[in-house]
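Asker:
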Amino acid sequence: GENVEQHPSTLSVQEGDSAVIKCTYSDSASNYFPWYKQELGKRPQLIIDIRSNVGEKKDQRIAVTLNKTAKHFSLHITETQPEDSAVYFCAASIENNDMRFGAGTRLTVKP
Amino acid sequence: NAGVTQTPKFQVLKTGQSMTLQCAQDMNHEYMSWYRQDPGMGLRLIHYSVGAGITDQGEVPNGYNVSRSTTEDFPLRLLSAAPSQTSVYFCASSYGPQSIYGYTFGSGTRLTVV
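For the record, the sequence lines run as chains W and Z. 111 is the number that the numbering used here gives the last residue of the first sequence; the numbers go up by one with no jumps. 1114 is the number that the numbering used here gives the last residue of the second sequence; the numbers go up by one with no jumps.
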């Protein structure tokens, strides 16, 4: 099955700086790549996703890039704020199949 | 509209006991799945279902059973609890595994096996 690796496991940045989280996947048939945010003690929630027919997608301060050749995708958060502090999960899925998640990145934004 | 409801929120089991974690959704989602969350290991898929009467195994299915008799309910059964099953369990539902709306997760069940 699909295997998703995520780096780094922890990331600490100053408020206002950018944060980048990277993921790689193993199955070249994967075509859907969502990112979820989990605040402390809460359930994961979808923040952005990208499909294999595009290379980049942006939503305000959040952007995701996809490199199908290298089988990796990244989450970029600009102008970080304390409320961005959370655990972020990447995931990958093959058409109409189950979804596999990365191990998560704990992002801390220091005021 | 309650979304995805998981019960119980907390549970302590003794090794060898069995129990069922309940999951119900009221969004008419066809796709439902169970994940376990362990520190440093992210969310690992246990079982999933693409519709009533259809279930399939994920990456860590051993020790767990599921059934999907209705669209709304997707219970997870632990057959004989082991300390390795100590974890936080999340149920999730969606219109499909690649729905633009993403997964709706339940609030989780924290299970401790002693």
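All C-beta atoms in this analysis are idealised placements derived from N, C-alpha and C, irrespective of residue type, glycine included. This one's a predicted model, so the numbers in the text were calculated from it and none came from an experiment.
Does Glu83/W come out as helix, strand or coil in the three-state DSSP assignment?
Answerer: helix
Asker: Taking the C-alpha atoms as reference points, what is the distance between Asn1009/Z and Arg1068/Z?
Answerer: Note that residue 1009/Z corresponds to Lys in the displayed sequence, not to Asn. Between Lys1009/Z and Arg1068/Z, the C-alpha separation is close to 21 Å.
Asker: Using the Cα positions of Gln60/W and Ile48/W, report the straight-line distance between them to the nearest angstrom.
Answerer: Those two C-alpha atoms are separated by around 11 Å.
Asker: Residues in its own chain within less than 6 Å of Thr1104/Z by CB, not counting five upstream and five downstream?
Answerer: Gly1003, Val1004 and Ser1093, listed in sequence order.
Asker: Near Gln1022/Z, what residues of its chain come up, given a Cβ to Cβ distance below 6 Å and the 5 sequence neighbours on each side ignored?
Answerer: Thr1007 and Pro1075
Asker: Does the segment 25 to 32 of chain W touch the segment 80 to 87 of chain W, meaning 3 or more C-beta pairs lie closer than 8 Å?
Answerer: no
Asker: Using only CA atoms, which one of Val1114/Z, Gly1106/Z, Thr1112/Z and Leu1111/Z lies nearest to Lys42/W?
Answerer: Gly1106/Z
Asker: Can you give me, in chain order, the residues of the segment 1049 to 1068 of chain Z that have a beta carbon less than 8 Å from any beta carbon in chain W?
Answerer: If you check each beta-carbon in the segment 1049 to 1068 of chain Z against every beta-carbon of chain W, the ones closer than 8 Å belong to Val1050, Asp1056, Gly1058 and Glu1059.
Asker: Along the segment 18 to 35 of chain W, where does the CB come closer than 7 Å to a CB of chain Z? Name the residues.
Answerer: Tyr32 and Pro34
Asker: Under the three-state reduction of DSSP, which class applies to Ser1033/Z: helix, strand or coil?
Answerer: strand
Asker: Whole angstroms is fine: what's the gap from Trp1034/Z's alpha carbon to Gln1011/Z's?
Answerer: 17 Å
Asker: Measure the C-alpha to C-alpha separation of Asn97/W and Lys37/W and round it to an integer number of angstroms.
Answerer: Take the alpha-carbon of Asn97/W and the one of Lys37/W: they are about 22 Å apart.
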